[in-house]
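Trainee: Take a look at this one; I'll ask things after.
Residue numbers (my numbering): 1171 to 1611.
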């Protein structure tokens, strides 16, 4: 075993930072045996040392903690762990460290979704690497599985529950018939949701993670801003209940698919109905999961805690150990993430994305209404799979639920606009995608 330690510099000391320093301190002997050399946290930079809670600095010496940036940069560290979040100062710090020849570990999906292409190129230029397992699935090693465990496969599709806040809310709505507002409030009280939950509930957080995973899976460059996202805040409890009658559960899914090698990629984040027999439908509460289809292996799924002090710290520390052990540098170079070998993706246009759909239409209960609906859909080449209507009084507005076979989004949007213009229709038509997963069929 080498006596020369690998020194770690950390920027940010929030919840995850406290978990990271604790793991390094309490597992130091184990880690040294695993990689053949000691690893230690040599310096931690925070905004204000006086504001760091006691439980987060319990496992580091006072001399390690600093709020002086010059002191941090003059310290001798080999790997920098970025845990401050955001795309402003974090971008500046990471870029500076790469230019100084430091390896990077980050859990910052927003940073990579926006600046990843540039930063990966800068890492290559300076012969260092960026490890980012914690950025997409918290403690789930989905990036490792995607890039190394499934290397023999052509990837046909990714389907991810990548936000624990949304999955908790939808589980409460589905299993306990709670409204969105009630479920969100409880999620905030339990610490699963932020005071401002927009990034989570809008689907933006999942879209950022999906852009990273899809870029890895298909060997192309997809920015977070290219992934359209629809959130869970638009859902109505009655649609979840109707979906349950039809055998479906509701999930916020990040989906990315490619039907043929080198073909265009479809990417989108939105609430989807998933049949209850599908494994991913049984991921409940704040848990995350990623289902991946490979042409040789078929479907695989990776499940676990997607956030939290220790799950995220597990991925961050593992990334640092992989770099320290020496093998990750070569593996990073083979990821083909840099601008010279990772071209911008050809994306399927929004209107050309095909899927099955659930529609809820509030229609007047009079003769001929369903015939008009089926005619409009048929004229747009949209085939109906099923129609459901609860018994109602003649002359009253009642929900009509229709599920379709595969239809293009553009055709569906046109049909919905025409349906909404009928005098027998009240309000707007609700449409929810029905997820079906890639296969050899």
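The C-beta atom is built at its ideal place from N, Cα and C for all residues, glycine as well.
As the structure is a prediction and not an experimental result, all values here were calculated from the model.
Bridge partners of residue 1528, per DSSP?
Mentor: Residue numbering aside, residue 1528 sits at position 358 when the chain shown is read from its first letter. DSSP, once it has assigned bridges, lists 1573, 1602 as partnering residue 1528.
Trainee: Among all the DSSP beta bridges, which residues are the ones paired with residue 1439?
Mentor: In the chain shown, the residue the question calls residue 1439 occupies position 269. Residue 1439 pairs with 1399, 1424.
Trainee: For the stretch 1452-1480, list the beta strand (DSSP E) runs that are entirely contained and at least 3 residues long, ordered along the chain.
Mentor: 1457-1464, 1468-1475, all fully within the stretch 1452-1480.
Trainee: Looking at residue 1413 and residue 1528, is the spacing between their C-beta atoms short of 8 Å?
Mentor: Mapped onto the chain shown, residue 1528 falls at position 358. Mapped onto the chain shown, residue 1413 falls at position 243. In this structure, residue 1413 lies closer than 8 Å to residue 1528 by Cβ.
Trainee: Helix, strand or coil, according to DSSP, for residue 1558 in the structure here?
Mentor: As a working mapping, residue 1558 is identified with position 388 in the chain shown. Strand, per DSSP.
Trainee: Going straight from the alpha carbon of residue 1611 to that of residue 1524, what length do you get?
Mentor: Within the chain shown, residue 1611 is the residue found at index 441, counting from 1. Within the chain shown, residue 1524 is the residue found at index 354, counting from 1. Per-residue confidence for residue 1611 stands at a pLDDT of 49, beneath the threshold of 50, marking its modelled position as unreliable; no derived number is given.
Trainee: Here's a check: name, in chain order, each residue in its chain whose Cβ is nearer than 7 Å to the Cβ of residue 1353, leaving out the five neighbours to either side.
Mentor: As a first step, residue 1353 is located in the chain shown; it is residue number 183 there, counting from the start. 1339, 1342, 1343.
Trainee: Use the C-beta contact count for residue 1371: other C-beta atoms within 10 angstroms, 16 or more gives buried, fewer gives exposed.
Mentor: Residue mapping note: residue 1371 aligns to position 201 of the chain shown, counting from 1. Label assigned to residue 1371: buried.
Trainee: Using a Cβ-Cβ cut-off of 7 Å (strictly less than) and excluding sequence neighbours within five positions of residue 1584, which residues of its own chain qualify?
Mentor: Taking the chain shown and counting its residues from 1, one reaches residue 1584 at position 414. These residues qualify, in order along the chain: 1550.
Trainee: What residue does the beta strand (DSSP E) around residue 1292 start on, and which one ends it?
Mentor: Indexing the chain shown from 1 puts residue 1292 at position 122. Run containing residue 1292: none in the beta strand (DSSP E); it sits in the alpha helix (DSSP H), 1279-1295.
Trainee: By Cβ distance, which residues of its chain are closer than 6 Å to residue 1216, with the 5 residues on each side in sequence left out?
Mentor: Translated into the one-based positions of the chain shown, residue 1216 becomes position 46. Counting only Cβ-Cβ distances below 6 Å, and skipping sequence neighbours, we find 1183, 1222, 1237.
Trainee: Residue 1580 lies in the alpha helix (DSSP H); which residues open and close that run?
Mentor: As a working note, residue 1580 is residue 410 in the chain shown. Unbroken alpha helix (DSSP H) run through residue 1580: 1579-1590.
Trainee: Under the DSSP definition of a beta bridge, which residues are partnered with residue 1250?
Mentor: For this step, residue 1250 is matched to residue 80 along the chain shown. For residue 1250, which the question treats as bridged, DSSP gives the partners 1179, 1274.
Trainee: Exposed or buried, what is residue 1244 when buried is set at 16 or more other beta-carbons lying within 10 Å of its beta-carbon?
Mentor: Locating residue 1244 in the chain shown gives position 74, where the first residue counts as 1. Exposed: under 16 other Cβ atoms inside 10 Å.
Trainee: Contact defined as beta carbons within less than 8 Å: I believe residue 1457 pairs with residue 1334. What is the distance between those atoms, to the nearest angstrom?
Mentor: Position 287 of the chain shown holds residue 1457. Position 164 of the chain shown holds residue 1334. With 8 Å as the limit, residue 1457 and residue 1334 qualify as a contact, their Cβ atoms being about 7 Å apart.
Trainee: So residue 1327 is in the beta strand (DSSP E); what residue range does that whole segment cover?
Mentor: Stepping through the chain shown from its first residue, residue 1327 is reached at position 157. Segment 1325-1331, the beta strand (DSSP E) holding residue 1327.
Trainee: Between which two residues does the beta strand (DSSP E) carrying residue 1449 extend?
Mentor: For the purposes of this step, residue 1449 is taken as the residue at position 279 of the chain shown. Careful: residue 1449 lies outside any beta strand (DSSP E) and carries neither H nor E.
Trainee: Between residue 1568 and residue 1591, what straight-line distance do the alpha-carbon atoms span, to the nearest angstrom?
Mentor: Position 398 of the chain shown, counting from 1, holds the residue named residue 1568. Position 421 of the chain shown, counting from 1, holds the residue named residue 1591. Taking the straight line joining both Cα atoms gives about 17 Å.
Trainee: Is residue 1261 close to the ligand PLP? I mean its beta-carbon at under 7 Å from any heavy atom of the ligand.
Mentor: Among the ligands in the structure shown, none appear at all, so the ligand PLP cannot be discussed.
Trainee: Name the residue from 1194, 1265, 1565, 1506 whose alpha carbon lies nearest to the alpha carbon of residue 1318.
Mentor: Residue 1318 sits at position 148 when you count from the first residue of the chain shown. Residue 1318 has its Cα closest to that of 1506, out of 1194, 1265, 1565, 1506.
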